[in-house]
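Residue numbers (the working numbering): 5 to 733.
Here is the structure:
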């Protein structure tokens, strides 16, 4: 699921199960300044505030729709001078909480202090206090608590939940809800039918992170709720205002259409006064079929004005523009997805990022933000103009330097044979040495048998040209285009091939030896019996092409993309492949031998059928939603492979070490696994009908909800700590 959002929003998700119903919880988090609530900060600034704040829970938010809206406060209280005690309070909406803050010491004698953390360690509690095991004052040897709850001028020193900070999971206030369902979760019926979900009767108040006196009596905070903080401004002043009247919007998109809007509620407010920031957490949920399901191709997040929200058609237009390949820079236009008449921070340079030593926290001035978006608009216009005018510019350059290849070398490629000749041998061979061609256009030229040594072709266009029996040696071809050309029986060696475009061109019996091919495009081409030997290929796109009987030997293939391309009988031998992807394409009867394959993605309706992998190292392999039927893996090391939702039917794995493998929801019908290391692999909800595992290590693997039959076999396998539950009914 791709997330489209402005750089001012944080996205979190969490899949959870209540009885047999599964949900995907999502949260959109926006940060604003307490003294300028209409000014939003960037996502890195949100995480910076979170990282530098005191923590009593490990997560900023667990996206689950709660029963009650709530607020929490983290940080230190201070009035900017040393005192023995002072009063502090927080008002959010109609909720009010007050404290008296003391220095360290006993009840009789207190030290002066400058500031005090509002965390649970400074309120009533102790090791034996189940409501606050982190606190103090529970025993006679403890100091008195520093943060004491105050109500109507009365002090409640023994209030364990006096802190406004989030409540940890092990405090009784939250733990009691788990203890209540613990007996049910230990039953065999739960393990077989409900696990890993929460059973019937589970109280969702477990997910409330604040003390009950910080819960609102409704599910969401009203728009524009007021707030007041006294004792947190490093002075005796108060911090007060209203939260922005905004709402978060979430739209799910499938097949390039918006299909749903997911309601998001403002359920949690984090107050971080030491950083002058409030974090607004908007939460919603989507019902899904199972825990691992992602219901949409794309999820769009935005922040909108409550008074004048934008309609679905507007957001569809923004989504379409951001996903368009022709508008790569439009994703930087954050104003499209942020509320109008509000101000934002942006990351204009490294100085605007919290990780920089030159970073200065605080609202950015309007001039710098306007300059940032003006630069983006200019870059978008320039990019579109460059793309539309590139072909015209190239053609203009070629026309200015149009030449006739035969005139240059005073040689005709046509030989008029005699009417009557007998026993004669006819041949011509022309060697071109150290010639440079720049901005030339060649059309309908037969280059057959020419040998180019130390030649340079720059910004040249070749149309309907024939290359047959040519030799390119120690030459350089760059920024050139080949359209409707034929290339047969070529030998290319020690040659640099850079920024080339091949369109509707046929390659047959071409040998490329010790060359470098980089940043090029091969589109609508046919390649047959092509050999790459000791070649470095970097950043090449193969689009709508057919590749048959191609060989990569002792080569390096990096950052290449195969799109809508069919590869048949391709042999990769003693080579290294890194950061390559295959989409909307197919590989059939291909062979990979003694090669390293790293960061390799096969997806988006792609196939990998009847392929063989022998003595290979495969790492970070993505094969999600892919057809891998009838393939064979032997003596391979496979690390981090994701085969979710893929079809591996009749595939064989022999003597393979498979580490961190995910075959969730995969079709593994009649697969064979022999002497394989599969420890901690995930086969959750996969189809293992007729699958055979012989002498495999499956320790710690997840085999929950698998489909199997009487032919599914686990023989001589290590099955310690295998997770079989829940079982499929």
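Just so you know, even glycine gets a beta-carbon here, dropped at the ideal spot from N, CA and C. Computed from a prediction, not measured in an experiment: that's the story for all the values here.
Under a three-way DSSP split, which group does residue i fall into?
i	result
residue 352	coil
residue 520	strand
residue 622	strand
residue 182	helix
residue 296	coil
residue 650	coil
residue 240	coil
residue 251	strand
residue 310	coil
residue 342	coil
residue 555	strand
residue 412	Because the pLDDT of residue 412 is 40, which lies under 50, any placement of that residue in the model is unreliable, and the number read from its coordinates should be weighed accordingly. Note: residue 412 maps to helix in three-state DSSP.
residue 683	coil
residue 177	helix
residue 398	The predicted model places residue 398 with a pLDDT of 47, which falls under 50 and marks its position as unreliable, so this point remains unresolved.
residue 94	strand
residue 124	helix
residue 707	coil
residue 701	strand
residue 638	strand
residue 335	helix
residue 196	helix
residue 279	helix
residue 502	strand
Using the Cβ count rule (16 or more neighbours within 10 Å means buried), how would you classify residue i?
i	result
residue 168	buried
residue 361	exposed
residue 232	exposed
residue 499	buried
residue 5	exposed
residue 647	buried
residue 345	exposed
residue 173	exposed
residue 752	Any property of residue 752 remains undetermined from this structure, which presents the chain solely from 5 to 733.
residue 291	exposed
residue 260	exposed
residue 242	exposed
residue 230	exposed
residue 561	buried
residue 338	buried
residue 133	buried
residue 116	exposed
residue 218	buried
residue 354	exposed
Just to confirm, is the Cβ distance from residue i to residue j under 9 Å?
i	j	result
residue 248	residue 36	yes
residue 38	residue 281	yes
residue 465	residue 484	yes
residue 475	residue 492	no
residue 612	residue 590	yes
residue 664	residue 643	yes
residue 671	residue 697	no
residue 579	residue 593	no
residue 511	residue 537	no
residue 640	residue 652	no
residue 669	residue 689	yes
residue 253	residue 308	yes
residue 284	residue 250	yes
So residue i packs on residue j, CB below 8 Å; how close in whole Å?
i	j	result
residue 565	residue 548	Contact flag wrong, Cβ pair sits at about 12 Å.
residue 304	residue 286	Not quite, the Cβ-Cβ distance comes to about 14 Å (not below 8 Å), so this is no contact.
residue 76	residue 170	5 Å
residue 1	residue 8	Residue 1 is absent from the model: the chain starts at 5 and stops at 733.
residue 206	residue 185	5 Å
residue 497	residue 518	6 Å
residue 725	residue 196	About 18 Å separates the two Cβ atoms, so there is no contact after all.
residue 49	residue 234	With a Cβ gap of about 25 Å, residue 49 and residue 234 do not count as contacting.
What are the residues that DSSP puts in a beta bridge with residue i?
i	result
residue 32	15, 286
residue 372	None; residue 372 has no bridge partner.
residue 214	Answer is none; residue 214 lacks a bridge partner.
residue 106	89
residue 671	651, 691
residue 305	254
residue 262	257
residue 606	586
Flag residue i as yes when its Cβ comes closer than 8 Å to any non-hydrogen atom of the ligand FMN, and as no otherwise.
i	result
residue 711	For the ligand FMN, the structure offers nothing, since it holds no ligand at all.
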